[in-house]
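Asks: Below is one structure. I have some questions about it.
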Amino acid sequence: MPLLPLGFDAAKEADMRLLRRHRSTMAVTVVALVAAGCASTSTENTGSSGSPSPNTATAEPSETVGALSPPQVAGVAIPDGQIDDAVAQVGDLARGLMDSSGIPGMAVAVVHGGETVFAEGFGVRREGSDEPIDPQTVFQLASMSKPIGSTVVAHQVDEGVVSWDTPVVEHLPSFTLADPYVGSHVTVGDLYSHRSGLPEHAGDDLEDIGYDRAEVIERLRYLPLGPYRITYDYTNFGLTAAAESVAVASGEDWADLSEQVLYEPLGMTSTSSRFADFAAQENRAPGHILVDGEYVARDVRMPDEQSPAGGISSSVEDVAKWLTMLLADGEYEGGRIASSAALQAAFTPQSTSSPPETPDSRAGSYGYGFNVGTSPAGRVTLSHSGAFASGAATAFTAIPSADVAIVVLTNAAPIGVPETLAAEFADLVQFGEVREDWSDLYTGAFSSFADPVGSLVGQSPPADPEPPKPLADYTGVYDNEYFGPARIEEDDGELALVIGPDDRTYPLTHWDGDVFTFPLSNENAPDGTISKAVFTPDDVTFEYWDTNGLGTFRKGDA
1003 MPLLPLGFDA
1013 AKEADMRLLR
1023 RHRSTMAVTV
1033 VALVAAGCAS
1043 TSTENTGSSG
1053 SPSPNTATAE
1063 PSETVGALSP
1073 PQVAGVAIPD
1083 GQIDDAVAQV
1093 GDLARGLMDS
1103 SGIPGMAVAV
1113 VHGGETVFAE
1123 GFGVRREGSD
1133 EPIDPQTVFQ
1143 LASMSKPIGS
1153 TVVAHQVDEG
1163 VVSWDTPVVE
1173 HLPSFTLADP
1183 YVGSHVTVGD
1193 LYSHRSGLPE
1203 HAGDDLEDIG
1213 YDRAEVIERL
1223 RYLPLGPYRI
1233 TYDYTNFGLT
1243 AAAESVAVAS
1253 GEDWADLSEQ
1263 VLYEPLGMTS
1273 TSSRFADFAA
1283 QENRAPGHIL
1293 VDGEYVARDV
1303 RMPDEQSPAG
1313 GISSSVEDVA
1323 KWLTMLLADG
1333 EYEGGRIASS
1343 AALQAAFTPQ
1353 STSSPPETPD
1363 SRAGSYGYGF
1373 NVGTSPAGRV
1383 TLSHSGAFAS
1393 GAATAFTAIP
1403 SADVAIVVLT
1413 NAAPIGVPET
1423 LAAEFADLVQ
1433 FGEVREDWSD
1443 LYTGAFSSFA
1453 DPVGSLVGQS
1463 PPADPEPPKP
1473 LADYTGVYDN
1483 EYFGPARIEE
1493 DDGELALVIG
1503 PDDRTYPLTH
1513 WDGDVFTFPL
1523 SNENAPDGTI
1533 SKAVFTPDDV
1543 TFEYWDTNGL
1553 GTFRKGDA
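Quick note: the sequence shown uses this note's numbering, first residue 1003, plus one each step.
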């Protein structure tokens, strides 16, 4: 059984205990598992008819090696009928995961040989209802939006509107970053492969307090940068800035552009990049979270501000059409969505997302919006997961050499169910059996996803705290370039923090001396999260927002 790699970064999690870091730790673990050959295990096949697909190898390597270039030759051939056998077991695997996990609902589709060979729903759209999930049920895709949006960009590359190497500033003139050189040179491809130097989840904290897409992109300039084109740090708003530049170059809103060049041509009639369209769907699956061991429906995440990175909603029926196009090298029902060259750039490793820890480990890579892996059989795999803490977990894995792909959508907070099913299916396709306890591995990788964060979580207040100063000493306006102004207000002997463009308010509770606390609960702060607010005569530092060293707000003149 493969081990969770040291790259899982427990030290960083223990040191920082802030969700954006904590969440990236989980993501690195999942990518490392993919690199180890779970969800991205790839295969090759002879097709259900027994005749080989153009880009697949049969069970007799001697008959096919001469027709393939050396990089296409895999180490394990797939006997005739093995993919069909794998497809036949998907339903039972899905039902088993439904039973063991207790999630409310799931939908699954498998594409093979240019058609959808399996599509089924399991469970219910809303816990406690009798509304069944079917292949047409619409789910929020979360970060599975990234590879789908990447194919929108690939289409525009073919149209000559942009290239993957187009600087973002060419179409967003006001865009820049902390290093002016990087700001003027960073490309669409740099941001789609998370190699700009922006810190992980850059800008998510601004979205959480109410800033819109344009304002978040504008404020990315204040974030410290890592080495350009060397570091891999996963971002939503970096990628969104790239997509926004493509939309501006195209003269269209991103959601309209996606509909025109991808959803409509593929017949993805239930798919949208607008939250309002998801909310209007009658056959939709709202998110669920665990509360006291029971799944309950949660307010649905509204991700329009980062729509290119996490805002698509779709059904497995629709996603299967997109996967069919991917496996057909950009073609669909006689038309072409994107050229092989534009797509191949997206499928080519651009960043090392999970460096190997030992000489015998496989690395995890990221293309333009796609995880790009190598399976234990030496086969290229394309994959991506999506996760909303408010109740969405999704994943797909495509194996081009086998002409097969699977997509799994669920309406529950992430615990590794979609990744487990994709990994089990990949094992069956490649090896004819499920070789590992993928459920155990992925459950472990996601186990801390919903944990509250903050250095004071779980701690009791001091028994004999130092008293605070007079509350009026803390009130006033505090300035911060990145977050904007914050106000500390007093009302009836209580302090409150007011922050963000729509004045989000957090009550402050005294802890000790000049230290106060406040609770947070949002997409990036699980229930139970606690932040410190540490005052000095000149400023206040909010622990939760200090991930990148920008959490200190200077007090303005009285």
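Beta carbons: idealized from backbone N, C-alpha and C, even for Gly.
Considering only their Cβ atoms, is the gap separating Val1410 from Met1100 smaller than 8 Å?
Replies: Judged by their CB atoms, Met1100 and Val1410 are not nearer to each other than the 8 Å cut-off.
Asks: Quick check on the DSSP output: what are the complete alpha helix (DSSP H) runs of length 4 or more inside the region 1252-1283, in order along the chain?
Replies: If we require 4 residues or more, the alpha helix (DSSP H) runs fully inside the region 1252-1283 come out as 1256-1260 and 1277-1282.
Asks: Whole angstroms are fine: how far does the CA of Ala1281 sit from the CA of Ser1102?
Replies: Computed Cα separation, rounded: 29 Å.
Asks: For Pro1420, report the span of its alpha helix (DSSP H) as first-last.
Replies: Val1419 to Phe1433
Asks: Evaluate Asp1206 with the Cβ neighbour count: other Cβ atoms within 10 Å of its Cβ, from every protein chain shown; 16 or more gives buried, anything less gives exposed.
Replies: buried
Asks: Is it right to say Thr1273 is buried, meaning 16 or more other beta carbons lie within 10 angstroms of its own, or is it exposed?
Replies: buried
Asks: At the level of alpha carbons, what is the spacing between Ser1533 and Val1302?
Replies: 24 Å
Asks: Please look up how many angstroms separate the CB atoms of Ser1392 and Glu1246, rounded, as I've assumed it's under 8 Å.
Replies: With a Cβ gap of about 24 Å, Ser1392 and Glu1246 do not count as contacting.
Asks: Is it right to say Ala1379 is buried, meaning 16 or more other beta carbons lie within 10 angstroms of its own, or is it exposed?
Replies: buried
Asks: For Ala1096 and Gly1125, I'd like the C-alpha separation in whole angstroms.
Replies: 10 Å
Asks: With DSSP run on the structure shown, which of helix, strand or coil describes Arg1286?
Replies: strand
Asks: Evaluate Arg1556 with the Cβ neighbour count: other Cβ atoms within 10 Å of its Cβ, from every protein chain shown; 16 or more gives buried, anything less gives exposed.
Replies: exposed
Asks: If I measure Cβ to Cβ from His1386 and keep anything under 8 Å in the same chain, skipping five residues before and after, which residues do I get?
Replies: Ser1145, Met1146, Lys1148, Pro1149, Gly1371, Phe1372, Asn1373, Ala1397 and Phe1398
Asks: Strictly by DSSP, which residues pair up with Gly1366?
Replies: Ser1356
Asks: To the nearest angstrom, how far is the alpha carbon of Pro1420 from that of Tyr1480?
Replies: 44 Å
Asks: Restricting to runs no shorter than 4 residues, where is the alpha helix (DSSP H) found entirely within the region 1185-1225?
Replies: 1190-1194, 1206-1210 and 1215-1221
Asks: Among the candidates Val1218, Val1459, Glu1492 and Gly1486, whose CA atom is the shortest distance from the CA of Asp1475?
Replies: Glu1492
Asks: What does Arg1142 pair with, by DSSP beta-bridge criteria?
Replies: Sequence check: residue 1142 is Gln here, not Arg. Gln1142 is bridged to Ser1315.
Asks: Here's a check: name, in chain order, each residue in its chain whose Cβ is nearer than 6 Å to the Cβ of Thr1562, leaving out the five neighbours to either side.
Replies: One cannot answer for residue 1562 here, as it falls past the ends of the chain, which runs 1003 to 1560.
Asks: Identify every residue that forms a DSSP beta bridge with Arg1338.
Replies: Note: Arg1338 is bridge-paired with Glu1333 in the DSSP secondary-structure output.
Asks: Per the DSSP calculation, Phe1555 is bridged to which residue(s)?
Replies: Val1542
Asks: In whole angstroms, what is the alpha-carbon distance linking Ala1278 and His1290?
Replies: 19 Å
Asks: Keeping to the same chain, check which residues put their C-beta closer than 7 Å to that of Gly1551; ignore five residues upstream and five downstream.
Replies: Pro1226
Asks: Distance, Cα to Cα, Ala1038 vs Ser1152?
Replies: Only weak support exists for where Ala1038 lies, its pLDDT of 47 falling under 50; the coordinates are left without a value.
Asks: Kindly list the residues whose CB is nearer than 6 Å to the CB of Gln1142, restricted to its own chain and excluding five residues on each side of it in sequence; keep chain order.
Replies: Ser1315 and Ala1394
Asks: Exposed or buried, what is Asp1405 when buried is set at 16 or more other beta-carbons lying within 10 Å of its beta-carbon?
Replies: buried
Asks: Would Thr1519 and Leu1458 be called neighbours here (beta carbons separated by less than 8 Å)?
Replies: In contact: Thr1519 and Leu1458 (Cβ atoms closer than 8 Å).
Asks: Using only alpha-carbon positions, find the residue among Leu1264, Asp1192, Pro1169 and Thr1168 that is nearest to Tyr1230.
Replies: Asp1192
Asks: Can you pull the DSSP bridge partners for Asp1481?
Replies: Arg1556
Asks: With the cut-off set at 8 Å, would you say Ser1309 and Asp1160 are in Cβ contact?
Replies: Against a cut-off of 8 Å, the Cβ pair of Asp1160 and Ser1309 comes out as no contact.
Asks: Could you tell me the distance, in whole angstroms, from the CA atom of Ala1299 to the CA atom of Pro1416?
Replies: The straight-line gap from Cα to Cα measures roughly 14 Å.
Asks: Between the beta-carbon of Ile1408 and the beta-carbon of Val1112, is there less than 8 Å?
Replies: yes
Asks: Taking 8 Å as the threshold (C-beta atoms), are Ala1311 and Leu1241 in contact?
Replies: Yes, they are a contact pair.
Asks: Quick one: grab the DSSP three-state call for Met1108.
Replies: When secondary structure is reduced to three states using DSSP, Met1108 falls in the strand class.
Asks: Hey, Val1078 and Gln1432: beta-carbon distance below 8 Å or not?
Replies: yes
Asks: Compare the Cα-Cα distances from Asp1505 to each of Ile1211, Ser1353, His1196 and Val1140 and report the closest residue.
Replies: Ile1211
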